[in-house]
Structures are given as C-alpha cells and as structure tokens.
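Trainee: There's a structure below that I have some questions on.
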Amino acid sequence: MIRGTVRAHVFADSSRPAAQALALTVVAAAVGLAGCSSTANPPAANTTSATAKTTTTSGTAAPTAGGTTTASIEIGDTLNYGSLGTTATLDCQDGKSLNVAGSDNTLTVTGSCATVIIGGANNKITFDKIDERLTVLGLNNTISYQGGDPKIDNIGSGNSITKG
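Under mature numbering (1 follows the signal peptide of the UniProt record, and there is no 0), residues -40 to -1, 1 to 124 are what the sequence shown spells out, in order.
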C-alpha cells in the first residue's frame, strides 16, 4: 500500500516556454514515479491514498530570482529540484535526500542531507551537511559542504567539490 504526500512547486516565466516544458516534464515524471511500487500481497479492500498540492512552502524551496522556471517536488524523503538560472534556499531538514537538475543555479541547502545527486552545468551549491553520498554529474558545477563525510562520485567534467 502506498501512502504519502507529493508536494509540487512550479514557478514559471511565460516568456520561456522551453524552460516551462522542462519543468513540467520533471513534475510529470516525478509524480508518475511516485505511483510505482510492487506489493507481494496486494491490499484487499484498502485503497491507495496520495495527496498532491501545488503550493509554495517555506520548508522546501524558496526561489529568490524572477524570470526563471523552477519545479520542486517532494516525494517521501526525497526533494527533487529542477531549475534554470535561479537563486534559492532549499531545506534537507534532517536526513532527506536531494536531487538537483538544471543549470546556472545558485543554491544554498540547509539541514543535513542523507544523499545528494546533482546534474546539469554551472551550478553553485553550498550545503550545511551531507551524510552518506554526493554524486555530481554534468559540467563545471561548484559544490561545497560544511559537514559530514559523504562518499563522493564525481562523474562529470570540470566539477569542483570542496569541504569546508
């Protein structure tokens, strides 16, 4: 049985239809994946419940730049953030995982992230703490974290990853 909350945050500038399409694709993919599961013993009379909201909340993502497209989706303990050219503060709270996609973003991530996956190019991301694993894909990303001792996978090219 699947129970949970899916939160979606989409901020778009109508002058960038390609960026809007990208953000909506990220939203659709994440919402679609939220329903994927297998159960050895399917539920009898119980039904699956899921709640979807499109709101702006202070606990997830707070964009601070105008003229951009952003999609922020929280599924279970994972925050999925896709954006082009934004400056924002994200909150891993205590132990959430974070997936970031997009380019030319400046992000500050508060709290303690369990795992982090970053894709895209020219992102500048600062973390309070990463506990388990940091995977960086893409090109020319600048990543720094203050605390934690994560296993680091630098799969892209020209990425800078520093502690401290």
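Ideal Cβ placement from N, Cα and C applies to all residues, glycine included.
Is DSSP giving LEU39 helix, strand or coil here?
Mentor: Looking at LEU39 - three-state DSSP - the assignment turns out to be strand.
Trainee: How would you label GLY107, buried or exposed, when you count the other beta carbons within 10 angstroms and need 16 or more for buried?
Mentor: Answer is exposed; the Cβ neighbour count stays below 16.
Trainee: So is ASN101 buried or exposed if we call it buried at 16+ other beta carbons inside 10 Å?
Mentor: With 16 or more other Cβ atoms within 10 Å, it is buried.
Trainee: Exposed or buried, what is SER43 when buried is set at 16 or more other beta-carbons lying within 10 Å of its beta-carbon?
Mentor: SER43 should be labelled buried.
Trainee: By how many angstroms is the C-alpha of ILE33 removed from the C-alpha of SER120?
Mentor: Roughly 26 Å separates the two Cα atoms.
Trainee: Count the other CB atoms, across all protein chains shown, that sit within 10 Å of the CB of THR16; report buried if there are 16 or more and exposed otherwise.
Mentor: In this prediction, THR16 scores a pLDDT of 32, lower than 50, which makes its location untrustworthy; no coordinate-derived value is stated.
Trainee: DSSP three-state label for GLY71, please.
Mentor: If DSSP states are grouped into helix, strand and coil, GLY71 belongs with the strands.
Trainee: May I ask you to report which of helix, strand or coil DSSP gives GLY45?
Mentor: Three-state result, GLY45: coil.
Trainee: Could you tell me how far apart the beta carbons of THR46 and ASN65 are, in whole angstroms, since I believe they sit closer than 8 Å?
Mentor: Confirmed, about 5 Å.
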